[in-house]
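Counting with my numbering, you get residues -13 to 459 for the letters of the sequence shown. Glycine included, each C-beta is placed from N, C-alpha and C at the ideal position. Since the structure comes first, as structure tokens, the remarks are kept for the end.
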Amino acid sequence: MSLHIPFDNSYARLPPHFHTRINPKPVRTPQLLRFNTALAEELGITPGPEDELAEVFSGNRVPGGAIPLAQAYAGHQFGGFNPALGDGRANLLGEVVDSNGQRRDIQLKGSGPTPYSRMGDGRAWMGPVLREYVISEAMHALGVPTTRALAAVATGEPVYREQGALPGAVLTRVAASHIRVGTFQYFAARRDTDALQTLCDHVLQRHYPQAEGPEGLLRAVAQRQAELVARWLSVGFIHGVMNTDNTAISGETIDYGPCAFLDTYHPQTVFSSIDAQGRYAYDNQINVITWNLAQLATSLVPLMPDQEAAIASFTEIVHAVPGIADAEWLRLFGAKIGLAAATEADRGLIDDLLTLMAEGRADFTNTFRNLASAQARDQFLDPARFDPWQARWQARVAQETGWQARMDAANPAFIPRNHRIEQMINAAVAGDMAPFERLLDVLSHPYQDQPEAHDLMRPPEPSEVVQQTFCGT
Ligand code: AMP
Ligand code: MG
């Protein structure tokens, strides 16, 4: 049987200035690194033989029904507005309606230059491609809304980065859509109200059929994004580059550039080499998403008949975001310490643990996973300082039923630790895909104890600690 993708391309039907039709640029010797068979099935894709998958998911052959295009968008990058970004190295092949009736984008990333490439080469190297593959699939298994990875293909061509010549690769990304806050900003910056209205209608129909008009859209996106960021915090995730062009209207996590998970807990942790101010630090993510949603609100105002009234109501919606995120935070962190419905009275217990963890340089994931055992105590530089807290917690959790199962379902045993990702990439570049396969496998059941994988729970040795992550992907 040969590959079949049941495309139905709604974005391509939007007006021509929403995108540029362009085919992926062929590569020398495509070689399939990984294909996500389970996801393909969910998408209604009939997989073909391996060489055909390599041809199609490298961009060498455009599959039947695809209408490849690069999307136009703008965005605030580290607070500075760029009115013309767009897909500089991605091609949307098209959309399918999945087995749940959800429309999903299928996009190649690293598939060659487009009119939006500016100074870039339109390519990606194997490291970030495999990194995104593993981390996005892990996030999905952790229960965090995210784009998915359908395929990774090595191109057989070098990509030149600061480190020198690196092996090129193409990732196939699946998303509810690739529409971003920056897509709205693109048309708002051009004062193109007709396009804004078209985009608003498209998004409402596609993502928020229950919502009404620009105000309903803003409210719905604000809710999803606030919940998303609370989920990130609950698993120790730092996105690293929360620019408005990397904030999806669907509420999925998108763009795994310099992202990283916490090992030792510290609220101000930053990994990205270019985030000198800590704008996208772990504990600043609720502030940043609120700021990004304010940019969405600003872009939507021109659609409102009474703009002054709109500014007042939109401001209220944006100002409510930290409260929504914080309520979700309390619920999620409550569950992490075993509470079915944490209330404000429990906040101090959670905050005090986090303070102890920061001071005691405790491992975020292992402390929560092992709270009930001596292993948690051992996470702290001075274990004795943990004891009074543990006594308080034991008294509180004694009032709950089923707390142990609740904690096991809220506290992953396995996260994609930065040093393991680095080791996996080094192995893959040397031709050994076994660590990649193993990480994918173990991380597909992150809440399950897997004794044969306990080495993947271990925090990095001092020599293994990844200090910085890079955008130069
Ligand atoms: P990102 O930081 O990955 O979200 O990318 C920001 C912008 O830079 C987007 O418009 C990307 O398409 C573009 N971009 C990133 N890397 C490349 C590249 N290697 N070639 C062309 N454009 C790129
Ligand atoms: Mg981006």
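Residue i Cβ short of 6 Å to the ligand AMP heavy atom set
{"i": "residue 122", "result": "no"}
{"i": "residue 152", "result": "no"}
{"i": "residue 103", "result": "yes"}
{"i": "residue 75", "result": "yes"}
{"i": "residue 232", "result": "yes"}
{"i": "residue 91", "result": "no"}
{"i": "residue 107", "result": "yes"}
{"i": "residue 116", "result": "no"}
{"i": "residue 71", "result": "yes"}
Straight-line Cα distance separating residue j from residue i
{"i": "residue 57", "j": "residue 190", "result": "18 Å"}
{"i": "residue 352", "j": "residue 126", "result": "20 Å"}
{"i": "residue 135", "j": "residue 449", "result": "30 Å"}
{"i": "residue 130", "j": "residue 430", "result": "13 Å"}
{"i": "residue 327", "j": "residue 315", "result": "12 Å"}
{"i": "residue 419", "j": "residue 426", "result": "11 Å"}
{"i": "residue 186", "j": "residue 166", "result": "12 Å"}
{"i": "residue 138", "j": "residue 96", "result": "10 Å"}
{"i": "residue 122", "j": "residue 132", "result": "6 Å"}
{"i": "residue 374", "j": "residue 16", "result": "58 Å"}
{"i": "residue 444", "j": "residue 239", "result": "26 Å"}
{"i": "residue 338", "j": "residue 297", "result": "39 Å"}
{"i": "residue 213", "j": "residue 74", "result": "29 Å"}
{"i": "residue 414", "j": "residue 154", "result": "12 Å"}
{"i": "residue 251", "j": "residue 32", "result": "44 Å"}
{"i": "residue 377", "j": "residue 340", "result": "16 Å"}
{"i": "residue 262", "j": "residue 364", "result": "33 Å"}
{"i": "residue 54", "j": "residue 226", "result": "29 Å"}
{"i": "residue 205", "j": "residue 312", "result": "16 Å"}
{"i": "residue 84", "j": "residue 51", "result": "16 Å"}
{"i": "residue 333", "j": "residue 379", "result": "12 Å"}
{"i": "residue 178", "j": "residue 194", "result": "22 Å"}
Near the ligand MG: residue i beta-carbon under 6 Å from a heavy atom
{"i": "residue 278", "result": "no"}
{"i": "residue 241", "result": "yes"}
Beta-ladder partner(s) of residue i, from DSSP
{"i": "residue 429", "result": "In the DSSP output, where bridge partners are listed per residue, residue 429 has none listed."}
{"i": "residue -10", "result": "32"}
{"i": "residue 62", "result": "67"}
{"i": "residue 258", "result": "455"}
{"i": "residue 149", "result": "None; residue 149 has no bridge partner."}
{"i": "residue 423", "result": "Paired residue(s): none; residue 423 is not in a bridge."}
{"i": "residue 156", "result": "139"}
{"i": "residue 83", "result": "89"}
{"i": "residue 322", "result": "None; residue 322 has no bridge partner."}
{"i": "residue 14", "result": "Paired residue(s): none; residue 14 is not in a bridge."}
{"i": "residue 247", "result": "223"}
Other residues of its chain near residue i: CB distance less than 7 Å, five sequence neighbours each side excluded
{"i": "residue 395", "result": "433"}
{"i": "residue 367", "result": "346 and 347"}
Cut-off 6 Å between Cβ atoms - residues of its own chain near residue i, not counting five sequence neighbours on either side
{"i": "residue -8", "result": "30 and 82"}
{"i": "residue 98", "result": "10, 11 and 108"}
{"i": "residue 172", "result": "58, 59 and 60"}
{"i": "residue 362", "result": "353 and 356"}
Chain D contact for residue i (CB, 7 Å cutoff)
{"i": "residue 234", "result": "No chain D is present in this structure, which holds just one protein chain."}
Contact set for residue i: own chain, Cβ-Cβ below 8 Å, skip 5 residues either direction
{"i": "residue 293", "result": "287"}
{"i": "residue 266", "result": "224, 225, 226, 227, 228, 256, 258 and 274"}
At 3 residues or longer, what runs of the beta strand (DSSP E) sit wholly inside the segment 108 to 136?
none
Run through the segment 338 to 415 for me and flag every whole alpha helix (DSSP H) of 4 or more residues, listed as ranges in chain order.
DSSP runs (the alpha helix (DSSP H)) wholly in the segment 338 to 415: 350 to 355, 360 to 363, 373 to 383, 389 to 396 and 404 to 415.
Kindly provide the ranges of any alpha helix (DSSP H) runs that are 4 or more residues long and lie completely inside the segment 169 to 194, ordered along the chain.
179 to 193
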